[in-house]
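Written below as structure tokens is the structure these notes are about.
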Amino acid sequence: MDRSIPWPWQGAPLPIPVPYLHCDGPGRRLIMLPTPMPSAGTGFSATMLQFLAFHWETDQWENISKPLSLPIGYQLTFFDQTGLWLLHGHGFGKINDQGDWQTVFRKRGGRLEPPKSAPGHDGIDDSHCLLPTAEHCDFSSLDLNFKLYADGLLFSQNLIMLVPEQKFIRLAKPFTALGCLNGRYVIGYYTAPGKDSGLVIAVLKERHLLAQ
Numbered sequence: 011m012d013r014s015i016p017w018p019w020q021g022a023p024l025p026i027p028v029p030y031l032h033c034d035g036p037g038r039r040l041i042m043l044p045t046p047m048p049s050a051g052t053g054f055s056a057t058m059l060q061f062l063a064f065h066w067e068t069d070q071w072e073n074i075s076k077p078l079s080l081p082i083g084y085q086l087t088f089f090d091q092t093g094l095w096l097l098h099g100h101g102f103g104k105i106n107d108q109g110d111w112q113t114v115f116r117k118r119g120g121r122l123e124p125p126k127s128a129p130g131h132d133g134i135d136d137s138h139c140l141l142p143t144a145e146h147c148d149f150s151s152l153d154l155n156f157k158l159y160a161d162g163l164l165f166s167q168n169l170i171m172l173v174p175e176q177k178f179i180r181l182a183k184p185f186t187a188l189g190c191l192n193g194r195y196v197i198g199y200y201t202a203p204g205k206d207s208g209l210v211i212a213v214l215k216e217r218h219l220l221a222q
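Going by this note's numbering, the first residue of the sequence shown is number 11, and it counts up by one from there.
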């Protein structure tokens, strides 16, 4: 978006990319995570992330997260009936009603790490963060390289995480998930060197069975 658009950072000397955009139909708004460029006079730190929403019926803008003390770099965003989620190089969590990034887990250097922030500190709330135990010590950086979230499930090639239960399930074969419907039907492909499995529709067990 550029300086011709009336929005919170109108007048920035460079266009500001908006790589992540979600439509909240019931809320009548567009949710976005801009990637700001360094510029003066915008009231925004280019080293922090912040979610915005545009209410299209009233032409009003809203900050739906606080400025998050996270470096701009690798991040993915997801929005569904369970809320607004941020997958970042430093962990995974939900944007809660207070505008904080409420972490599910933290990671650094390809490993899970203990929570460290008090609620609301720098826009990050670790009060519900997973405390790593001995069972998580064997997780590699590839295991924790998650790419997809849907319906309370987080997918990497080697693991599925049941987010509310904070339970990890190791897959028998590496599998790249591309989409998930109703928390059970997963579209993707098996990942094996030199082999192309083609697209697969896998059916997960019912949630209470997965959680056992």
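All C-beta atoms in this analysis are idealised placements derived from N, C-alpha and C, irrespective of residue type, glycine included.
Item to check | Length of the line joining the Cα atoms of K117 and D135 | outcome: The alpha-carbon atoms of K117 and D135 are separated by roughly 14 angstroms.
Item to check | Segments assigned beta strand (DSSP E), at least 3 residues, entirely inside the stretch 43-105 | outcome: 62-65, 70-73, 85-90, 93-98, 101-105, all fully within the stretch 43-105.
Checklist entry - Helix or strand or just coil, what does DSSP make of L219? => result Looking at L219 - three-state DSSP - the assignment turns out to be helix.
Item to check | D161 versus G193 - alpha carbon distance | outcome: Near 5 angstroms, if we compare the C-alpha coordinates of G193 and D161.
Item to check | Validate contact between the stretch 62-72 and the stretch 110-124 using beta carbons, cut 8 angstroms, 3 pairs | outcome: No: the two stretches stay apart, fewer than three of their Cβ pairs being nearer than 8 angstroms.
Checklist entry - Would you call C33 buried or exposed, if buried means 16 or more other Cβ atoms sit within 10 Å of its Cβ? => result C33 comes out exposed.
Checklist entry - Taking all protein chains shown into account, do 16 or more other C-beta atoms lie within 10 angstroms of the C-beta of G198, making it buried, or fewer, making it exposed? => result Buried, by the Cβ-count rule.
Checklist entry - Could you give the residue range of the beta strand (DSSP E) that holds D34? => result Here the beta strand (DSSP E) through D34 covers 30-34.
Next on the checklist: Does P16 pass the burial test, meaning 16 or more other C-beta atoms within 10 Å, or should it be called exposed?
Outcome noted: The residue is exposed, with fewer than 16 neighbouring Cβ atoms inside 10 Å.
Checklist entry - CB-CB under 8 angstroms to L181, same chain, minus the five flanking residues each way: which ones, in chain order? => result In the same chain as L181, and ignoring 5 residues on each side of it, the C-beta atoms closer than 8 angstroms to its own belong to Q167, N168, L169, I170, in chain order.
Next on the checklist: Using 9 angstroms as the threshold, is the C-beta distance between E175 and A144 below it?
Outcome noted: Judged by their CB atoms, E175 and A144 are not nearer to each other than the 9 angstroms cut-off.
Next on the checklist: How far does the beta strand (DSSP E) with W111 in it extend, from its first residue to its last?
Outcome noted: Where W111 is concerned, the enclosing beta strand (DSSP E) stretches over 111-118.
Checklist entry - For T92, which option in L164, N155, L62 has the closest C-alpha, if you only look at C-alpha atoms? => result When L164, N155, L62 are compared, the shortest CA-CA separation from T92 is found for L164.
Item to check | Own chain partners of H100 with C-beta closer than 7 angstroms, once the 5 adjacent residues on each side are dropped | outcome: If we look at H100 and ignore the five residues flanking it on each side, its Cβ neighbours are L80, R116, K117, R118.
Checklist entry - Distance, Cα to Cα, L78 vs I211? => result So the two alpha carbons sit approximately 37 angstroms from each other.
Checklist entry - So what does DSSP say about A144, is it helix, strand or coil? => result In the three-state scheme derived from DSSP, where H, G and I count as helix and E and B as strand, A144 is classed as helix.
Item to check | From S151, N155, F156, V173, residue whose alpha carbon lies closest to that of C139 | outcome: Per the C-alpha coordinates, the member of S151, N155, F156, V173 positioned closest to C139 is V173.
Checklist entry - If we ignore side chains and look at the alpha-carbon of each, how far apart do L43 and L59 end up? => result Taking the straight line from one Cα to the other gives about 7 angstroms.
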